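Inspection log for the structure reproduced underneath, given as structure tokens.
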Amino acid sequence: MDIRGSNIVVQYEGKEALKGVSIEVNKGEIVTIIGPNGSGKSTLVKAICRSIKIDEGEIILEDKNIHSIPTKIIARKLAVLPQVKSVSNDMLVEALVSYGRFPHLGFGKRLSKEDKDIVEWAMEKTGTIGLRDRNVITLSGGERQRAWIAMALAQKTDILVLDEPTTYLDISYQMEVLELVKELNKTLGISIVMVLHDLNQAIRYSDRIYVLKDGLVFDHGDPCEILSKETLKDVFNIQADIYEDLQNKCPYIIPNKIN
Ligand code: ADP
Ligand code: MG
């Protein structure tokens with residue numbers, strides 16, 4: 244198992260954003276977290292990446308408590324695409340992707356031949372080679388997202404965590420990013436934890452889904468079974484019909500009415 248979080252509680256200024264959440268991510272799995280705005284998805288993702296501290300519970304990353312693992316070692320095991328990016332976009336694509344190698348650099352802090360090869364590989368995998376000399380700010384939404392994924396990939400981790408990787412992208416770029424994520428999972432065996440808003444995409448691209456509501460796990464399980472009409476009503480406040488997507492062999496939700 245890659246990640247095991249138990250009874251995670253996170254408070255912001257005394258208010259609980261996570262009220263005792265448990266989550267497991269097995270090796271090679273795609274796990275998607277869904278839930279309404281403010282239900283705690285980003286907080287859970289940040290807790291898993293140790294970018295915020297938890298008030299109760301524990302998070303085990305490959306058999307070790309994440310609080311006992313040095314930051315640099317975590318960055319070699321787990322790469323993150325945050326929802327809000329704190330690093331400036333004003334740099335060349337190749338430089339951005341090279342940042343992914345930083346946790347691996349020794350005292351000299353210079354990229355070795357091997358590091359450069361990995362940067363090359365990450366750009367190739369994400370189709371960003373042709374963009375290497377472009378400034379990140381000049382890229383389209385989909386290109387930019389791929390450049391960020393390339394950076395995360397250059398970290399060469401077994402786990403990739405993506406918080407709403409499809410936000411602001413048009414439908415073809417959304418598919419492009421999700422197909423890339425799926426390919427990385429299938430061909431390289433990278434475990435994926437992601438937050439998605441689109442319920443149908445979550446069903447189609449995940450091995451398992453966690454549904455969050457008000458800082459708690461409402462339910463979790465098989466994407467084909469988890470989103471019943473009752474759950475859609477209780478969690479998302481919608482009335483929906485559920486059809487079968489014959490091509491992708493999974494349910495397809497059509498929201499009809501706000502509850
Ligand atoms: P989601 O990603 O599901 O939309 P978040 O995890 O971002 O939800 O937020 C969960 C709750 O915690 C929300 O009520 C949000 O307002 C609150 N919250 C998130 N970040 C902070 C913060 N830095 N300070 C105070 N409250 C926060
Ligand atoms: Mg969020």
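Read left to right, the sequence shown gives residues 244 to 502 (the working numbering). Glycine included, C-beta positions come from ideal geometry on N, C-alpha and C. Fair warning: this is a prediction, and the values are worked out from it, not measured in the lab.
query                                                                                                                        : result
Burial state of Met244 (16 or more Cβ within 10 Å)                                                                           : exposed
Reduced DSSP category for Arg319 - H, G, I as helix; E, B as strand; rest coil                                               : helix
Closest by C-alpha distance to Asp477, when choosing among Asn502, Tyr495, Gly464, Pro494                                    : Asn502
For Val362 and Val379, believed in contact at Cβ under 8 Å, the rounded distance                                             : Their Cβ separation, rounded to whole angstroms, is 15 Å, which puts Val379 and Val362 out of contact at 8 Å.
Lys284: CB within 8 Å of a non-hydrogen atom of the ligand MG                                                                : yes
Which listed residue (Ala322, Leu459, Arg387) has its alpha carbon closest to that of Met334                                 : Arg387
Closer than 8 Å: Asp406 CB and nearest the ligand MG heavy atom                                                              : yes
At least three beta-carbon pairs within less than 8 Å, the segment 409-421 to the segment 267-279                            : no
The ligand MG heavy atom lying under 8 Å from the CB of Val438                                                               : yes
Residues near Gln444 in its chain [Cβ-Cβ closer than 8 Å; skip 5 each side]                                                  : Thr409, Gln417, Leu421
Near the ligand MG: Gln326 beta-carbon under 8 Å from a heavy atom                                                           : yes
Coil, strand or helix - Arg451 by DSSP                                                                                       : strand
Beta-carbon contacts of Gln398 that lie in its chain and below 6 Å, excluding the five residues immediately before and after : Ala322, Gly343
Reference Ile316, options Val327, Lys492, Pro346, closest by Cα                                                              : Pro346
Residue burial classification, Ser355 (beta-carbon count within 10 angstroms, cutoff 16)                                     : exposed
Whole-angstrom distance between Ala395 and Asp360, CA atom to CA atom                                                        : 15 Å
Contact test: Ala445 Cβ vs the ligand ADP heavy atom, cutoff 8 Å                                                             : no
Selection from Gly248, Ala483, Val424 that minimises the alpha carbon distance to His310                                     : Gly248
Segment limits, alpha helix (DSSP H) that includes Phe345                                                                    : No alpha helix (DSSP H) holds Phe345; DSSP gives it neither H nor E.
The segment 463-473 touching the segment 282-299, judged by at least three CB pairs closer than 8 Å                          : no
Any non-hydrogen atom of the ligand ADP within 8 Å of Gly458 CB                                                              : yes
Strand pairing of His463, partner residues [DSSP]                                                                            : Tyr453
Own chain partners of Gly283 with C-beta closer than 6 Å, once the 5 adjacent residues on each side are dropped              : Ala260, Leu261, Leu455, Gly458
Cβ distance (whole Å) where Pro494 is taken to contact Ile446 below 8 Å                                                      : 6 Å
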